[in-house]
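Asker: Quick note: to get our numbering, add 42 to the position in the sequence shown (first position is 1).
Can you read through this structure? Questions will come right after.
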Amino acid sequence: MTTARLAEQRGWQLYLVGGAVRDLLLAPEDRLLIQDIDLVVDGFHRAADTAAGVELAKDLQRTCLEARLQVHGRFQTAALLWHDDPQLGSLWIDIATARTEFYPYPAANPEVEASSIRQDLYRRDFTVNAMAIRLTAPRSGELLDFFGGLLDLQLRQIRVLHTNSFIEDPTRIFRAVRFAVRLGFQIDPQTEGYIRHAIASGIYQRVQAEVDRTPALQTRLKQELKYILQAPYWKAAIQLLSDLDALQCIYPSLQLGDRWKQLRLADRWLTRFDPAGSLEHWQILLEVLLMALDPADRGKVAENLQLAADSIQRLQQLDQVEAALADLPDCQRPSQVVQRLRQYDWPTLLLVAIASPRSIRKIIWRYRTTWSQVKAPLDGNDLKALGYKPGQQFKEILETLLLATLDGVVGDRDQALAFLAKHFPQ
């Protein structure tokens with residue numbers, strides 16, 4: 043292996059760590075495709091220099107010019123990214139010096155310093171992620187398992203390494219749930235106890251009250267929610283988070299409650315109307331979840347999570363749009379519905395449909411499946427061919443013709459021509 047040889051030339055030990063080791067031990071070789079590799083550099087008899095990981099990444103990049111190098115100076119880590127294979131996708135290799143870390147206060151970013159491979163593994167979240175495989179001689183291929191990760195893989199359980207782990211970083215609760223559901227594991231009873239203790243302690247309420255002190259926490263929390271809501275197992279993960287009362291980490295008053303049915307309905311609508319995934323499905327599902335909050339809190343939480351501007355705006359304006367469309371069932375003609383609904387984007391209408399009574403939901407469904415697809419029998423080119431001059435009247439004619447088509451007054455080209463002759467004679 044080129045990277046191991048480069049490390050040996052520098053007098054360093056090199057280890058494969060984290061999720062790649064876990065997946066190697068779990069998956070049959072012929073079905074394993076690892077696209078995210080974490081490597082750790084350590085010295086032979088003492089800790090490597092803090093910058094060793096970055097230096098090794100630079101050495102590797104010089105031998106693989108097609109790779110793009112990114113250096114994260116604060117944590118003295120580096121990443122190499124390949125985009126070579128259109129079928130296999132990209133390959134990430136993260137390289138860091140073995141390090142230990144501590145949290146100056148709950149939910150803060152960790153402070154790090156160079157250390158040994160054992161200490162590096164000890165700082166990780168769960169035992170199944172705290173194993174390493176040595177890549178350099180003389181004992182290349184050796185598994186390092188100081189904390190019982192292999193046994194926990196065999197027992198199919200997620201076990202945390204540290205008592206205060208969830209107090210230090212609440213996103214680890216979401217990671218525990220994500221790994222448990224993804225791998226088909228259980229969260230071991232003691233770890234579940236630590237989760238419940240952390241939530242009951244009120245630490246997350248205090249963190250949310252001082253959100254300006256922990257912007258990095260909000261970034262990590264958003265990323266974990268994205269990982270979960272993008273995954274095929276998201277329903278089971280959200281249900282488990284709710285069972286653990288962990289949705290309080292997003293906002294203290296957030297409960298799943300009746301929102302569960304709305305989440306499932308939103309998922310069906312997204313699958314039906316956006317199968318290609320042109321919308322950010324995970325973000326819309328998160329918006330549906332945040333709809334459970336008081337209107338005054340929705341936008342604030344969305345801003346804290348650093349959601350996209352359009353997402354924040356939808357949550358802030360949802361009540362006004364709902365109120366504006368409350369009388370939608372009173373519309374007598376399809377053209378009236380189209381005139382009311384076409385001013386809103388589709389994600390906004392989806393949220394309104396999810397939050398509204400069935401009568402309104404049925405109208406929005408009909409609009410999306412039928413009425414929004416209707417086109418008039420004549421277009422602008424036809425009008426020009428008929429001798430109409432382009433201008434403001436064009437827009438009026440086409441609009442009137444479309445509304446007449448929606449209401450069944452115009453059905454084909456001949457009827458459209460007769461309609462024009464009657465209402466817009468030349």
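The beta-carbon is built from N, C-alpha and C at its ideal position, and this holds for glycine as well.
Taking 8 Å as the threshold (C-beta atoms), are Thr442 and His465 in contact?
Answerer: As a working mapping, residue 465 is identified with position 423 in the sequence shown. As a working mapping, residue 442 is identified with position 400 in the sequence shown. Yes; because the gap between Cβ atoms is below 8 Å, this pair is in contact.
Asker: Return the CA-CA distance between Leu383 and Leu391, expressed in angstroms with no decimal places.
Answerer: Position 341 of the sequence shown, counting from 1, holds the residue named residue 383. Position 349 of the sequence shown, counting from 1, holds the residue named residue 391. One C-alpha to the other measures close to 8 Å.
Asker: Would DSSP call Gly85 helix, strand or coil?
Answerer: For the purposes of this step, residue 85 is taken as residue 43 along the sequence shown, with counting starting at 1. Three-state DSSP puts Gly85 in a strand.
Asker: Going by alpha carbons, who is nearest to Thr233 out of Gln468, Leu203, Thr261, Leu225?
Answerer: To locate residue 233, count along the sequence shown from 1; it is residue 191. Closest by alpha carbon: Leu203.
Asker: Helix, strand or coil for Arg165? Go by DSSP, reduced to three states.
Answerer: For the purposes of this step, residue 165 is taken as residue 123 along the sequence shown, with counting starting at 1. It is coil, neither helix nor strand.
Asker: Measuring only the C-alpha atoms, how far is Gln228 from Leu286?
Answerer: Working through the sequence shown from its first residue, we reach residue 228 at position 186. Working through the sequence shown from its first residue, we reach residue 286 at position 244. Our two residues, Gln228 and Leu286, have alpha carbons roughly 13 Å apart in a direct line.
Asker: Would you mind sorting Pro399 into buried or exposed? The rule is 16 or more other CB atoms within 10 Å of its CB.
Answerer: In the sequence shown, residue 399 corresponds to position 357, counting from 1. Exposed: under 16 other Cβ atoms inside 10 Å.
Asker: Distance check for Val63 and Phe168, CA to CA, integer angstroms please.
Answerer: Here residue 168 is taken as the residue at index 126 of the sequence shown, counted from 1. Here residue 63 is taken as the residue at index 21 of the sequence shown, counted from 1. Approximately 13 Å, taken between the alpha carbons.
Asker: Count the other C-beta atoms from every protein chain shown that fall within 10 angstroms of the C-beta of Gln250, then say buried if there are 16 or more, exposed otherwise.
Answerer: Locating residue 250 in the sequence shown gives position 208, counting from the first residue. It counts as buried.
Asker: If you draw a straight line from the C-alpha of Ala69 to the C-alpha of Pro376, how long is it?
Answerer: Here residue 69 refers to the residue found at position 27 of the sequence shown. Here residue 376 refers to the residue found at position 334 of the sequence shown. Their Cα atoms are separated by approximately 55 Å.
Asker: Taking only beta-carbon atoms, is Trp276 less than 8 Å away from chain B?
Answerer: This model lacks chain B altogether; it includes just one protein chain.
Asker: By the 10 Å Cβ neighbour count, where 16 or more other Cβ atoms means buried, how is Asn171 classified, buried or exposed?
Answerer: As a position in the sequence shown, residue 171 is number 129, starting the count at 1. Flag for Asn171 reads buried.
Asker: Which runs of the beta strand (DSSP E) at least 3 residues long sit entirely within the segment 164–200? Give them in chain order.
Answerer: 174–176
Asker: Note down, one range per segment and in chain order, each alpha helix (DSSP H) of at least 4 residues found wholly within the segment 356–421.
Answerer: Here the runs fully enclosed are 376–383, 388–397, 400–411.
Asker: Could you check where the alpha helix (DSSP H) with Gln77 kicks off and where it finishes?
Answerer: One-based indexing of the sequence shown puts residue 77 at position 35. Segment: none, Gln77 is in no alpha helix (DSSP H) and carries neither H nor E.
Asker: What residue from Leu185, Tyr293, Ala308 has the CA that sits closest to Lys277's CA?
Answerer: As a first step, residue 277 is located in the sequence shown; it is residue number 235 there, counting from the start. Here the closest residue by C-alpha is Ala308.
Asker: Name the residue from Gln112, Gln118, Ala140 whose alpha carbon lies nearest to the alpha carbon of Trp134.
Answerer: The residue you call residue 134 lines up with position 92 of the sequence shown. Per the Cα distances, Gln112.
Asker: Less than 8 Å between the C-beta atoms of Ile270 and Phe216, yes or no?
Answerer: The residue given as residue 270 occupies position 228 in the sequence shown. The residue given as residue 216 occupies position 174 in the sequence shown. Yes; because the gap between Cβ atoms is below 8 Å, this pair is in contact.
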